[in-house]
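Listed in order, the protein sequences are those of chains L and S. Quick note: the first sequence uses the working numbering, first residue 1, plus one each step. Quick note: the second sequence uses the working numbering, first residue 1001, plus one each step. Just so it is clear, CB atoms sit at the ideal spot from N, CA and C, and this is done for glycine as well. As the structure is a computational prediction, the values presented were derived from the model and not from experiment. Everything below concerns the one structure shown next.
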Amino acid sequence: MKIKYGVFHYFWIVVVVCLWAPALSFAQAQQASCQSCHADAAFTGGFHNSVHGNLSCNACHAGIDDLRKHSSGEKKPQAVNCLSCHCNVEVFYKRDVHALVQNMSCADCHQNIHTLRRSDKARKIAVQENCTRCHNSEDYVNLGHGRAVQAGNPDAATCTDCHTLHAIAPMTGASEGDKRTLREAYTLRCKTCHADPGVAKRNDLSTAIADTYEKTYHGKLMQVGSSRGAGCADCHTGHNNLTSDNPLSSLQPDNLYPSCKACHPIMHKRSVSFVAHPGAVTKNRSRALHVAEIAMHVLLFSVFAFFWIHTVLWWCRAYLNKSRMLQAGFIERTLPPECHDQKQIQRFTLVQRVMHVVLIVSFFTLVGTGFPIKYSETAWAKAFLNLWGGPHMAGLFHRIAAVVLCVLFLITLVQSLRFLFPKGQFRGWLGRLFGPDSLFPNLKDAQDMKGMFKWFFGKGSMPKLDRWTYWEKFDFLAVFWGMTAIGLSGFMLWFPGLFSYVVPGWAISIATVVHSEEAFLAAVFIFTVHFFNNHIVPTKFPLEPNVFTGRYCIAVMREERPLEYERLVAEGKLESLKREHPSLWAQLFASVFGLGSLVVGLILLALIFWAVLFY
Amino acid sequence: MKSQKAAVTLLVILILGMSGIVHAQTNKVQPVSAKMLKSWVDQSETVYLVDLRSVLECLDAKIPQAVCGFDESNVLVDAPRLSKVIFYTGKQPVDQASPLIQKTLSGGWENIYVLEGGLTAWRKEGYPVFSEDRTPRVFAYALDSRNFDRWQKQAREPLILDIREAQSFAGGHIEGAVNFPLSRLHVDYAKIPLNADLLVVDENGMHSYLVASFLVRKGFQDPKRLKGGMAEYRRSIK
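Set out below in structure tokens:
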């Protein structure tokens, strides 16, 4: 397309030329005038060809309106204000350490301001050379990033890529809060390159190093905004960035140990075998950790596979039975009429009920404070932690709840031993261990399990159950098994320094995996299987309150646990277990606390599934 | 009954007295934020700003209305007793036990404040500073503590210039270092041999750059500074 220029266009060209040419010639004339006195090479030699060469002298050195007074020294120019033109720099530079703490002006770094040209060298090298004129950085210049910059690698980080150009926050003398913010900012800057697949591919690196950092406790803390965990530079140092096979590298055990000790003052040297970046590189680094991960996955899969199938089949059978009863004209099951009149039967003692309530509170606290760290990348993690008062306070609550749970565990252990060896009697302990009042599995449980599956598929009636069913025994023993695994690993993570004197560093990495996976198993099992078996199953929905009230109807006992009923009648013990109906307050507490716990548990379950499915 | 009444009365008097003392103590020196101080200045309230840093630092940059407090006598001689007196340093907290503050407290001034975050906080807010005699900065190389021995061997006439105050210097210093406290360096620099290879050492590396630049201005050649100061040095020799 041919553009036609009218007279109007030519008019404007003439106007611009008429105005601009005198301006240029004025600037040059004025430069010549200034340079007649200021004849140093810095002003005369290179200024005309410098990046500011098109400006007149008084564009920067304003305020000279009387040359005679200026020449005689009476009138000095105003202070140069570079930011009047470079106003975009002002926004950042007023918070820069050079301005804030060192009172440095532009010309202190840009000392060649009158001869400044666009660098012939690559920009990154020019930056490196200027900064290192003051800042000792032998590590940086001679190793890793710095050497790569000098070799002309455009991906390598020069000073300003990490520290920014004009917004370098003060580190020395910074408050703890500021240091944490800086640690987060620097870690993010590391990730901008090291998590970039393009950069990684061009430089034969792996983005897994950034991804796997986020899977560690250090990385997770950073993600939820705590910044108390180690950032990249805490282990890799700021400038000595070499691969671990280089003896000068900060990742060499001898060099890494001081870095660990900076945050963990009590720490044995063997702790450096801790796997700081588990995941993709795990297989090569620690076979034990890899085996632990596989073992935990097998455990999770087998437990959930069995109990979720068990739960689904139970629900289907219960639902089918209920539908058939309704179709046959039976009214929906409620408590038998005699339940309102007869006394109830004692199932749980007051101590057991209190322990269950404390267990619920401590367990929910552990899940509510631990899972936001486990799923730190989720949208809800940070908000959830803020409910506790932030990551630090959540950690405090987590540890308090853990101690409470440990106390419960020890009380239960003592109770179990007293059950097995009443008044120090050892005789008959095997009979008590496998007896009907024991929570230890026996042959009857295997028969009951087989009977239940037959019942699920309509091949038989529901087996006659005794005081403790096999799924209740699993719940109980799972706490013992879980407490050992999750408790021990939890203490290892709580006191890694102390444990490093007992176990190698990679064992602490295994503790991380065990604690995390076991917590998932415990939480999801309780919120699905335990909730269903005890509360959501159609015959008990919405709540089985006897774990809170301690007692339940004899007619219900006869139906649900006929063997126990028959045994108590035969032994003449039933009368001694009869109690009055629970008080109104006890019933109210059972309903409010029980249903509240159910709701809270289901909300936590939804958040966990959200994290698993969408992150 | 009388003794009970007397005991209760005594207790009330004691509690009131204690709260009065606490109130009086806490009211003596109060913190003030940079924003609040700026609003006082803008509203032309009678404020006397005292910069407690060294001469070099104060002349280099200070809050425009401030007087340099290095000369501890007479800086507040014209300040009315009811005026607000604000002390500040660079970034470190103001030492309330400093002689000038103690003198102000005992001198009858009642509205005594310290600027939270010091001059750094003031600058962070974007408020102006005034340079009475700014020291132009130079490229002064920061020597890493690890390379200290190498420097000492290579330098022709090494001189370690410890610019901390005498008390800190007495608490521990690098062997062979000489003490030229920053507070008097503007006068004492003349005693430093002009041809020495200087290494400026401070507590944490925050002041040595200004001093190195000042020394260049006074004709010394290429003074170096110890990166991170004594704090870093102590860590490196552990």
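Proximal residues, the region 1105–1133 of chain S versus chain L, C-beta separation under 7 Å: Taking 7 Å as the cut-off between beta carbons, the residues of the region 1105–1133 of chain S near chain L are 1120, 1123, 1124 and 1126, in sequence order.
Residue nearest to residue 583 of chain L in terms of C-alpha spacing, selected from L:516, L:383, L:325 and L:344: Counting from one through the first sequence, the residue named residue 583 of chain L turns up at place 583. Nearest C-alpha to residue 583 of chain L: L:344.
Rounded C-alpha distance that separates residue 475 of chain L from residue 438 of chain L: On the first sequence, position 475 is the one that residue 475 of chain L refers to. On the first sequence, position 438 is the one that residue 438 of chain L refers to. For residue 475 of chain L and residue 438 of chain L, the distance between alpha carbons rounds to 13 Å.
Span of the beta strand (DSSP E) around residue 553 of chain L: By 1-based counting over the first sequence, the position of residue 553 of chain L is 553. For residue 553 of chain L, the enclosing beta strand (DSSP E) covers residues 551–553.
Pairwise C-alpha distance: residue 209 of chain L and residue 196 of chain L: By 1-based counting over the first sequence, the position of residue 196 of chain L is 196. By 1-based counting over the first sequence, the position of residue 209 of chain L is 209. Those two C-alpha atoms are separated by around 11 Å.
One or two residues paired with residue 636 of chain L in a DSSP bridge: The question about residue 636 of chain L has no answer here: the residues shown for chain L are numbered 1 through 615.
Three CB pairs or more closer than 8 Å across the region 399–416 of chain L and the region 356–368 of chain L: Flag = yes, the region 399–416 of chain L and the region 356–368 of chain L touch.
With 16 other Cβ atoms within 10 Å as the buried cut-off, status of residue 1087 of chain S: The sequence position of residue 1087 of chain S within the second sequence is 87, counting from 1. Buried, since its Cβ has 16 or more Cβ neighbours within 10 Å.
Chain-ordered chain L contacts of residue 1209 of chain S [CB-CB under 8 Å]: Walking along the second sequence from the start, residue 1209 of chain S turns up at place 209. From the beta-carbon of residue 1209 of chain S, the residues of chain L found nearer than 8 Å are 102 and 134.
Under 8 Å from the C-beta of residue 161 of chain L: neighbouring residues of chain S: For the purposes of this step, residue 161 of chain L is identified with residue 161 of the first sequence, where counting begins at 1. Under the 8 Å cutoff, chain S gives no residues; its nearest Cβ is about 20 Å from residue 161 of chain L.
Alpha helix (DSSP H) runs contained entirely in the region 1155–1196 of chain S, provided each spans 4 or more residues: DSSP assignment within the region 1155–1196 of chain S yields the following whole alpha helix (DSSP H) runs of 4 residues or more, N-terminal first: 1166–1170 and 1185–1188.
Cβ distance (whole Å) where residue 133 of chain L is taken to contact residue 1139 of chain S below 8 Å: The count along the first sequence starts at 1 and reaches residue 133 of chain L at position 133. The count along the second sequence starts at 1 and reaches residue 1139 of chain S at position 139. A Cβ-Cβ distance of about 4 Å is found for the pair residue 133 of chain L and residue 1139 of chain S, placing them in contact under the 8 Å criterion.
For residue 1112 of chain S: DSSP bridge partner residues: If you number the second sequence from 1, residue 1112 of chain S lands on position 112. Answer by DSSP bridge pairing, in chain order: S:1029 and S:1085.
Closest residue to residue 602 of chain L among L:368, L:551 and L:510 (Cα-Cα distance): Position 602 of the first sequence, counted from the start, is the residue given in the question as residue 602 of chain L. That would be L:368, whose Cα lies nearest to the Cα of residue 602 of chain L.
Contacts around residue 609 of chain L, its chain only, beta-carbon distance under 7 Å, and the 5 residues preceding and following it disregarded: The residue you call residue 609 of chain L lines up with position 609 of the first sequence. Excluding residues within five positions, none has a Cβ falling inside 7 Å.
Residue environment, residue 271 of chain L, which counts as buried when at least 16 other CB atoms sit within 10 Å: Here residue 271 of chain L refers to the residue found at position 271 of the first sequence. Buried: at least 16 other Cβ atoms inside 10 Å.
Amino acids of chain S, ordered along the chain, whose beta-carbon sits closer than 8 Å to that of residue 138 of chain L: Working through the first sequence from its first residue, we reach residue 138 of chain L at position 138. Taking the beta carbon of residue 138 of chain L as reference, the chain S residues within 8 Å of it are 1144 and 1147, listed in sequence order.
Cβ-Cβ separation, residue 1112 of chain S to residue 1201 of chain S (assumed contact under 8 Å), whole Å: To locate residue 1201 of chain S, count along the second sequence from 1; it is residue 201. To locate residue 1112 of chain S, count along the second sequence from 1; it is residue 112. Not a contact, Cβ separation roughly 34 Å.
Any alpha helix (DSSP H) of 4 or more consecutive residues that is wholly inside the region 349–426 of chain L: 350–374, 379–387 and 391–420, all fully within the region 349–426 of chain L.
Residue 485 of chain L burial status per 10 Å Cβ neighbour count (16 or more: buried): As a first step, residue 485 of chain L must be located in the first sequence, where it is residue number 485. Counting C-beta atoms within 10 angstroms of its own C-beta, residue 485 of chain L has 16 or more neighbours from the protein chains shown and is therefore classed as buried.
Three-state class that DSSP yields for residue 434 of chain L in the structure shown: Counting from one through the first sequence, the residue named residue 434 of chain L turns up at place 434. The answer is coil: DSSP assigns residue 434 of chain L none of H, G, I, E or B.
Environment of residue 1061 of chain S [buried if 16+ CB atoms lie within 10 Å]: As a first step, residue 1061 of chain S is located in the second sequence; it is residue number 61 there, counting from the start. Residue burial annotation: residue 1061 of chain S is buried, with at least 16 other C-beta atoms found within 10 angstroms of its C-beta.
Buried or exposed (CB count within 10 angstroms, at least 16 for buried), residue 1217 of chain S: Position 217 of the second sequence, counting from 1, holds the residue named residue 1217 of chain S. Exposed: under 16 other Cβ atoms inside 10 Å.
Neighbour list for residue 95 of chain L in chain S, Cβ cutoff strictly below 7 Å: Within the first sequence, residue 95 of chain L is the residue found at index 95, counting from 1. The contacting residues are 1124.
Beta-carbon spacing of residue 235 of chain L, residue 190 of chain L below 8 Å: The residue given as residue 235 of chain L occupies position 235 in the first sequence. The residue given as residue 190 of chain L occupies position 190 in the first sequence. No Cβ-Cβ contact shorter than 8 Å links residue 235 of chain L with residue 190 of chain L.
Chain S within 8 Å of residue 40 of chain L, Cβ atoms only: Taking the first sequence and counting its residues from 1, the one referred to as residue 40 of chain L is at position 40. No - not a single Cβ of chain S is within 8 Å of the one on residue 40 of chain L.
contact_flag[the region 513–532 of chain L, the region 555–574 of chain L] where n(CB pairs < 8 Å) is 3 or more: With a cut-off of 8 Å, the region 555–574 of chain L and the region 513–532 of chain L do not count as touching, because too few Cβ pairs lie within range.
Distance between residue 242 of chain L and residue 148 of chain L (C-alpha atoms, nearest Å): Taking the first residue of the first sequence as position 1, residue 148 of chain L is located at position 148. Taking the first residue of the first sequence as position 1, residue 242 of chain L is located at position 242. Approximately 11 Å between the Cα atoms of the pair.
Exposed unless 16 or more other CB atoms sit within 10 angstroms - verdict on residue 1101 of chain S: For this step, residue 1101 of chain S is matched to residue 101 along the second sequence. It is buried - the Cβ of residue 1101 of chain S has at least 16 other Cβ atoms within 10 Å.
Cβ pair count under 8 Å reaching 3, the region 573–580 of chain L against the region 532–546 of chain L: No, they do not touch.
The region 1187–1205 of chain S contacting the region 1221–1237 of chain S, beta-carbon criterion three pairs below 8 Å: Contact between the region 1187–1205 of chain S and the region 1221–1237 of chain S is present, because at least three Cβ pairs lie under 8 Å.
Where the beta strand (DSSP E) containing residue 345 of chain L begins and where it ends: Sequence index remark: in the first sequence, residue 345 of chain L carries index 345 (1-based). Unbroken beta strand (DSSP E) run through residue 345 of chain L: 344–346.
Beta strand (DSSP E) segment containing residue 1048 of chain S, residue limits: The residue you call residue 1048 of chain S lines up with position 48 of the second sequence. 1047–1051 is the span of the beta strand (DSSP E), which, as asked, contains residue 1048 of chain S.
With 16 other Cβ atoms within 10 Å as the buried cut-off, status of residue 202 of chain L: Position 202 of the first sequence, counting from 1, holds the residue named residue 202 of chain L. By the 10 Å Cβ count, residue 202 of chain L comes out exposed.
Short-range partners of chain S found in the region 102–131 of chain L, where Cβ spacing is below 9 Å: Of all residues in the region 102–131 of chain L, 102, 103, 104, 105, 107, 108, 109, 111 and 130 have a Cβ within less than 9 Å of some Cβ in chain S.
Chain-order list of residues whose beta-carbon lies under 7 Å from that of residue 552 of chain L (same chain, five-residue window excluded): Here the question's residue 552 of chain L lines up with position 552 in the first sequence. Excluding residues within five positions, the ones whose Cβ falls inside 7 Å are 344, 345, 347 and 546.
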